[in-house]
Amino acid sequence: MQVRQISVFMENRAGRLMEITGILAQAGINLRALSLADTSDFGILRIIVDKPDKAVDILRRSGFTIRENVVIAAVIEDRPGGLYQILKVLADAGISIEYMYGFLGKHEHEAVMIIRVEEMERAIEVLLEANVTLLKGEQIYTM
Amino acid sequence: MKYIVEYIDPELLYRLQLERLRDVALRLYQHVPYYRGAFDAIGMKPQDIKSLDDLQHLPLTDKETLRTNYPFGMFAVPMKQVKEIHASSGTTGKPTVVAYTEHDIRVWSEVMARSIYAVGGRDDDIIQNAYGYGLFTGGLGVHYGSLDLGATVVPISSGGSKRQLQLMQDFQTTILTCTPSYAIYLAEIAESEGIDPRKSSLRIGIHGAEPWSEEMRRQIEEKWDIKAYDIYGLSEIIGPGVAVECVGQDGLHIWADHFLPEVLDPKTGKPVPEGQDGMLVITTLTKEATPFLRYATKDIVSMTTGKCPHCGRTMPRISRIKGRTDDMLIIRGINVFPSQIESVLLSMEETEPHYQLVVTREGALDSLEVQVEVNEKFFSDEIRALEALTKRIKEEIESVLSISVNVKLVEPKTLARSEGKAKRVIDLRNI
């Protein structure tokens, strides 16, 4: 139930994101989900791709500082209150979220939230208990 | 306070310098083992000095010599005769210690008084002395000189800008002594407080202790509606008052009856022709407690001799400081060595010593940015973790340097690598 995510350290300068996506494109790597967190000086690009091993390799060899993390991909209903539902499950369990980002799923009325928490195992447990659908890595990579 | 010696015939100056050089060399030979060793090593005696050129046989003295002989090894008089001791901060090793006898303080007072006079200061001036008082020689040097000149000195020391402005108005200060960047900063504070600095009672600024440019002079003069003058000095030689501009603002007259200047090619150690850049080396001719033969200032200047077309003085003129022979940076009057920052970074487990220093001047103030390469060891994909690390690096560096810095995380391999000595410093100040 854990999904591999690659984080890339980026300086905030024009064209940098374009360069990274160019490197991935050349290696034939497809982006599944993406989030960009930034400050005035630097940014952190977080991506989920279809070929994580290849992406890690190519980014490292291109000289980027990267880090691999595992995240949870939770399917939520694409309707008002959909996100609230799973956040409540986590909050009730006293689990705080480090960061999250979302994208619309393949199916109608469905969205996917990528969630990073400190207590991954427990979060997965409580979410499954609450009948939340969690995607496996393979499911996202090939989505 | 106009000293006749400032207009001395060059021939007479030469004879005065030679006589004083022989005297100081003899005293050093007798009382300072380091110098006795230096003479003995080349089989020379102080009496063998027959011309100023003979000085060139002797090795240079530098900060390292002072550190090796820390604290009192370079003293040429018994402690009983020492009346005052000053020391550098010692952030890069042991502090450098210099001492003054009563006679030395008189000399210091005199050269400082001559310096204030040369830029138009008189005994009816009120001098607001915003150089720091303490072990740093700036504050007390100006203080002694102001007293010797017969002027009124306000020993306010550095900092406390609003108070500086308040007292300046209340006391009707006519001369401000401080670093050039502080002069600009103070004007900016005045403006933000609704005070028009151009309407102040100030007429002269005497600025030193950090490198500055013509552009900055124009800014100071414009903002305050005053004349701003460059002054030079270093504690090893005596403190402020080693050299100063005259009203011509065209080079600094070095008081060569007390301080014998040489300008050397830093690589070969040979004198460079007049007007060419080289390292300023100074021999103190009259100091008693800690005299130095051939002290390597590491400051790059050019020198001009001959009668000054502006004031008629015959004392040689040195240019503004054009740079440093070593990598020392002077930022807001504080000496900063890249090695200090390196050791902070090395002491922090998460960082590697791939860093670069970028110095810029924003408005009046120097600003130092420390760029640190992010490596996988400390890269977290959480913004707050990286910001916490940035903050910690900043705080650690600031506690060592005593100046504020900006820390910027940069991508790996973005900083220039070189085969030999890394280029750690990018100075964009255009001084």
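If you read the protein sequences in the order shown, they are chains G and D.
Going by our numbering, the first sequence runs without a break in its numbering and finishes at 262.
Going by our numbering, the second sequence runs without a break in its numbering and finishes at 1047.
Even glycine gets a Cβ: it sits at the ideal position worked out from N, Cα and C.
Between the C-alpha atoms of residue i and residue j, what's the straight-line distance to the nearest angstrom?
i: residue 990 of chain D; j: residue 887 of chain D; result: 46 Å
i: residue 1048 of chain D; j: residue 775 of chain D; result: This structure does not reach residue 1048 of chain D, given that chain D is present from 617 up to 1047, and the question cannot be answered.
i: residue 121 of chain G; j: residue 261 of chain G; result: 15 Å
i: residue 894 of chain D; j: residue 803 of chain D; result: 35 Å
i: residue 963 of chain D; j: residue 939 of chain D; result: 30 Å
i: residue 987 of chain D; j: residue 952 of chain D; result: 15 Å
i: residue 930 of chain D; j: residue 817 of chain D; result: 32 Å
i: residue 760 of chain D; j: residue 798 of chain D; result: 21 Å
i: residue 926 of chain D; j: residue 621 of chain D; result: 17 Å
i: residue 920 of chain D; j: residue 945 of chain D; result: 26 Å
i: residue 899 of chain D; j: residue 877 of chain D; result: 7 Å
i: residue 256 of chain G; j: residue 193 of chain G; result: 11 Å
i: residue 593 of chain D; j: residue 737 of chain D; result: No answer is possible for residue 593 of chain D: it lies beyond the span of chain D, which begins at 617 and ends at 1047.
i: residue 648 of chain D; j: residue 674 of chain D; result: 15 Å
i: residue 235 of chain G; j: residue 200 of chain G; result: 20 Å
i: residue 993 of chain D; j: residue 1005 of chain D; result: 12 Å
i: residue 833 of chain D; j: residue 978 of chain D; result: 15 Å
i: residue 891 of chain D; j: residue 872 of chain D; result: 17 Å
i: residue 954 of chain D; j: residue 144 of chain G; result: 41 Å
i: residue 132 of chain G; j: residue 1046 of chain D; result: 25 Å
i: residue 753 of chain D; j: residue 823 of chain D; result: 14 Å
i: residue 973 of chain D; j: residue 1008 of chain D; result: 17 Å
i: residue 664 of chain D; j: residue 692 of chain D; result: 20 Å
i: residue 860 of chain D; j: residue 728 of chain D; result: 9 Å
i: residue 646 of chain D; j: residue 780 of chain D; result: 48 Å
i: residue 225 of chain G; j: residue 155 of chain G; result: 22 Å
i: residue 742 of chain D; j: residue 625 of chain D; result: 33 Å
i: residue 1000 of chain D; j: residue 746 of chain D; result: 40 Å
i: residue 687 of chain D; j: residue 749 of chain D; result: 21 Å
i: residue 203 of chain G; j: residue 153 of chain G; result: 21 Å
Residues in the same chain with beta-carbon distance under 7 Å from residue i, minus the five sequence neighbours each way, listed in chain order, please.
i: residue 238 of chain G; result: 214
i: residue 151 of chain G; result: 167, 168, 169, 259, 260 and 262
i: residue 935 of chain D; result: 867, 917 and 918
i: residue 853 of chain D; result: 875, 898, 900 and 911
i: residue 703 of chain D; result: 711, 712, 713 and 751
i: residue 942 of chain D; result: 914
Report all residues from its chain with a CB closer than 6 Å to the CB of residue i; omit the five preceding and five following residues, and keep chain order.
i: residue 819 of chain D; result: 790 and 842
i: residue 983 of chain D; result: 976
i: residue 903 of chain D; result: 720
i: residue 129 of chain G; result: 135, 162 and 164
i: residue 249 of chain G; result: 208
i: residue 1043 of chain D; result: 975
i: residue 254 of chain G; result: 192
Kindly list, in the order they appear in chain D, the residues whose Cβ is closer than 8 Å to that of residue i.
i: residue 256 of chain G; result: Simply none; closest approach about 17 Å.
Quick one: list the residues of chain G neighbouring residue i, beta-carbon separation under 7 Å, in chain order.
i: residue 1005 of chain D; result: Within 7 Å Cβ-Cβ: nothing; residue 1005 of chain D doesn't reach chain G, min ~11 Å.
i: residue 1025 of chain D; result: 160 and 161
i: residue 925 of chain D; result: The premise fails here: residue 925 of chain D is roughly 51 Å from chain G at the closest Cβ pair, so nothing lies under 7 Å.
i: residue 990 of chain D; result: 128 and 184
i: residue 1028 of chain D; result: 182 and 184
Residues of chain D with CB closer than 9 Å to the CB of residue i, please, in chain order.
i: residue 137 of chain G; result: Those within 9 Å of residue 137 of chain G in chain D number zero; the least Cβ separation is about 15 Å.
i: residue 188 of chain G; result: 997
i: residue 165 of chain G; result: 997
Could you work out which residues of chain D lie near residue i, taking near to mean beta carbons separated by less than 7 Å?
i: residue 126 of chain G; result: 997
i: residue 123 of chain G; result: Within 7 Å Cβ-Cβ: nothing; residue 123 of chain G doesn't reach chain D, min ~13 Å.
i: residue 217 of chain G; result: 998
Ignore the nearest five residues each way along the sequence and tell me which others in residue i's own chain have a CB closer than 8 Å to its CB.
i: residue 784 of chain D; result: 744, 792, 816, 817 and 818
i: residue 1019 of chain D; result: 947, 948, 950, 952 and 984
i: residue 725 of chain D; result: 760, 761, 763 and 764
Taking Cβ positions only, does residue i come closer than 8 Å to chain A?
i: residue 156 of chain G; result: The structure shown contains no chain A; its protein chains are G and D.
Taking only runs of the alpha helix (DSSP H) that begin and end inside the region 165 to 212 of chain G, which ones reach a length of at least 4 residues, in chain order? 171 to 180 and 201 to 211
Would you mind listing the beta strand (DSSP E) stretches within the region 667 to 719 of chain D that are 3+ residues and don't spill past its ends, in chain order? 698 to 703 and 713 to 717
Select from the region 223 to 241 of chain G all residues with a C-beta closer than 7 Å to any C-beta belonging to chain D, and list them in chain order. Cβ proximity to chain D below 7 Å picks out nothing from the region 223 to 241 of chain G.
Uninterrupted alpha helix (DSSP H) stretches inside the region 736 to 802 of chain D (no shorter than 4 residues): 753 to 765 and 777 to 787
I'd like the ranges of any beta strand (DSSP E) spanning at least 3 consecutive residues and lying wholly in the region 852 to 898 of chain D. 855 to 861, 868 to 870 and 875 to 880
Any beta strand (DSSP E) of 3 or more consecutive residues that is wholly inside the region 897 to 921 of chain D: 911 to 917
Taking the runs of the beta strand (DSSP E) that are 3 residues or longer, which of them lie wholly in the region 217 to 256 of chain G? 229 to 236
Complete runs of the alpha helix (DSSP H) confined to the region 806 to 841 of chain D [at least 4 residues]: 830 to 840
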